Amino acid sequence: MSASLFRYRATLPGGGRRRGVLAASSEAEAAAMLERAGLTPLTLAPGRAPSRPRARLSHRAAAMRRLAALTAARAPLDRALRLAGGTESAQPLFADLAIAVASGRPLSTAMADWPADFSEAEVALIASGETSGGLARAAEAAAALVERRAAGRGALVSALAYPAFVLVAALLALGVFVGFAQPRFEEVLRATGAEVSAATTGFFAVSRALREWGGPLLAVLGVSGLCALIASGTVASKKWVAGAMLRVPLVGPLIRDRALEAYAGALGAMLAGGAPLPDAARLASRTLGAPRLEAAGADAARMVAEGRPFSEALSAGAAFPESLSAFAEIGEETGALAPLMTGAAGHFRQEAEARARRLSAVAAPAATLFLGLLIGVGAYLMMTAVLDVYDAAL
1 MSASLFRYRA
11 TLPGGGRRRG
21 VLAASSEAEA
31 AAMLERAGLT
41 PLTLAPGRAP
51 SRPRARLSHR
61 AAAMRRLAAL
71 TAARAPLDRA
81 LRLAGGTESA
91 QPLFADLAIA
101 VASGRPLSTA
111 MADWPADFSE
121 AEVALIASGE
131 TSGGLARAAE
141 AAAALVERRA
151 AGRGALVSAL
161 AYPAFVLVAA
171 LLALGVFVGF
181 AQPRFEEVLR
191 ATGAEVSAAT
201 TGFFAVSRAL
211 REWGGPLLAV
221 LGVSGLCALI
231 ASGTVASKKW
241 VAGAMLRVPL
251 VGPLIRDRAL
261 EAYAGALGAM
271 LAGGAPLPDA
281 ARLASRTLGA
291 PRLEAAGADA
301 ARMVAEGRPF
311 SEALSAGAAF
321 PESLSAFAEI
331 GEETGALAPL
341 MTGAAGHFRQ
351 EAEARARRLS
361 AVAAPAATLF
371 LGLLIGVGAY
381 LMMTAVLDVY
391 DAAL
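The sequence shown: position 122 = 122 (this note's numbering), numbered continuously.
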């Protein structure tokens, strides 16, 4: 029976209260899980989504590293999960995992109940650790996988932060000028009775259009942005955004290298944990994000399952670079595919960092040039209008 989500409020053994969300096959099983975890249920009702905010990637990675240290010290898993959550945004998530584990569910199964928080590769890593008895090492590998995702996102944000700031500043300056300064200036100019040039007339027409339609346009953009933000939590929307960003110049190669870093790192960690290559390749392909890359990764996993060498499977399509198949080929020849894939992850991390630096070096001057052009055009149009008044006075 598939698991459903249940919202609960319960009392703690010490007298406090706690609320959260559980995944269970029935309401009775959810109540039993709470009781086995030492909680007394007060309310329990079906729910479609967690009432807590999603954990930040950096907080979740830190919690995974704490979990690895605690399990390596042989702490009971449910208690280790409660302690690993800390006091950050990952605490409610890991507390819910602790309740599930205390009720007898495997950690990998409990993590799979939260696909918005844990990727399939993370679940597979933990599952391989449970099977092999190396849960601490699996948790370390899962933490490294999450850290790679956080680093990739942070690199992109850092590269685009200054251009975005300049763009917002330019739009605000344009809004103030069009909304307040230009109408007063046009009123004064019309009062002089001077003949207005075509450039100035066009400038006034564009300004009036922006004043009339700027508000509704901003409202539409705001609603669209809110809808996009709400939809961004779905798997389909994430894949669509990843595929679209992959086609953006300068940004696309950076995202591809970060995706390949995550893919190679997850693959190396799962192979080191004892996972068979076809299964590891299939699960690792789901970390790639963009549909084109995921399809190429799935095709490579299928070819490996059919008996073809992994390096040959990677080079069969055009989605993967030759460097990745070269790492795989050396790993197959030496029998050290797992460490070679980990090395490939480091290679693509360095490539992504170099691309991020190049993107920042290009985007910052481009944004400054845009702002300068905007100011220059505005100054030219204003001076044209002033010269119209001067000519009329002569």
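Cβ coordinates follow ideal geometry from the N, Cα and C atoms, glycine included. Just so it is clear, the structure is predicted and the values come from calculations on it, not from any experiment.
_Just to confirm the assignment: which complete alpha helix (DSSP H) runs, minimum length 4, are found wholly within the region 110-188?_
Secondary structure in the region 110-188: the alpha helix (DSSP H) runs of 4 residues or longer, each lying completely within the stretch, are 120-132 and 135-176 in chain order.
*Kindly provide the ranges of any alpha helix (DSSP H) runs that are 4 or more residues long and lie completely inside the region 304-370, ordered along the chain.*
Those alpha helix (DSSP H) runs which fall completely within the region 304-370 and span 4+ residues are 310-315 and 322-334.
*Among R211, R247, S119 and P253, the one whose alpha carbon lies nearest that of F177*: Here residue 177 refers to the residue found at position 177 when the sequence shown is read from its first residue. The shortest Cα separation from F177 among R211, R247, S119 and P253 belongs to R211.
*Is the number of C-beta pairs between the region 153-172 and the region 180-190 that are closer than 8 Å three or more?*
Contact between the region 153-172 and the region 180-190 is absent: fewer than 3 CB-CB pairs across the two stretches fall below 8 Å.
_Checking the sheet assignment: what are the DSSP bridge partners for P92?_
Taking the sequence shown and counting its residues from 1, one reaches residue 92 at position 92. For P92, DSSP records no beta bridge to any residue.
*Would you report the Cα separation of I330 and L340, rounded to the nearest angstrom?*
What you label residue 330 is simply residue 330 of the sequence shown in a count that begins at 1. What you label residue 340 is simply residue 340 of the sequence shown in a count that begins at 1. Answer to the nearest angstrom: the Cα atoms are 8 Å apart.
_Could you compute how far the alpha carbon of A354 sits from the alpha carbon of R65?_
Taking the sequence shown and counting its residues from 1, the one referred to as residue 354 is at position 354. Taking the sequence shown and counting its residues from 1, the one referred to as residue 65 is at position 65. Rounded to whole angstroms, the separation of the alpha carbons of R65 and A354 is 27 Å.
*Indicate whether the contact test is met: 3 or more Cβ pairs, each with one atom in the region 267-282 and one in the region 136-148, closer than 8 Å.*
Contact between the region 267-282 and the region 136-148 is present: 3 or more CB-CB pairs across the two stretches fall below 8 Å.
*Start and end of the beta strand (DSSP E) containing L20?*
Position 20 of the sequence shown, counted from the start, is the residue given in the question as residue 20. With the sequence shown as reference, residue 20 is identified as Gly, and Leu is not the correct amino acid for it. Per DSSP, G20 belongs to the beta strand (DSSP E) from R17 to A24.
*With a 10 Å radius around its C-beta and 16 neighbouring C-beta atoms as the bar for buried, classify M33 as buried or exposed.*
Here residue 33 refers to the residue found at position 33 when the sequence shown is read from its first residue. Flag for M33 reads buried.
*Leaving out five residues on either side along the sequence, give the residues of the same chain with a beta carbon under 7 Å from the beta carbon of A305.*
Taking the sequence shown and counting its residues from 1, the one referred to as residue 305 is at position 305. Correct list, in chain order: P278.
*Can you tell me whether Y263 is buried or exposed, with buried defined as 16 or more other CB within 10 angstroms of its CB?*
For the purposes of this step, residue 263 is identified with residue 263 of the sequence shown, where counting begins at 1. Taking all protein chains shown into account, Y263 has 16 or more neighbouring C-beta atoms within 10 Å of its C-beta and is therefore buried.
_Helix, strand or coil for T87? Go by DSSP, reduced to three states._
The residue you call residue 87 lines up with position 87 of the sequence shown. T87: coil per DSSP, three-state reduction.
*Go ahead and pull the three-state DSSP assignment for A296.*
Here residue 296 corresponds to residue number 296 of the sequence shown, with the count starting at 1. Three-state DSSP puts A296 in a helix.
*Would you say A30 and L39 are within 7 Å of each other, going by their C-beta atoms?*
Counting from one through the sequence shown, the residue named residue 30 turns up at place 30. Counting from one through the sequence shown, the residue named residue 39 turns up at place 39. Result no, Cβ atoms of A30 and L39 do not sit closer than 7 Å.
*Below 8 Å, can you find three or more Cβ-Cβ pairs linking the region 291-299 to the region 316-336?*
Flag = yes, the region 291-299 and the region 316-336 touch.
_Could you compute how far the alpha carbon of L93 sits from the alpha carbon of S285?_
Here residue 93 refers to the residue found at position 93 when the sequence shown is read from its first residue. Here residue 285 refers to the residue found at position 285 when the sequence shown is read from its first residue. Spanning the two alpha carbons is a distance of roughly 25 Å.
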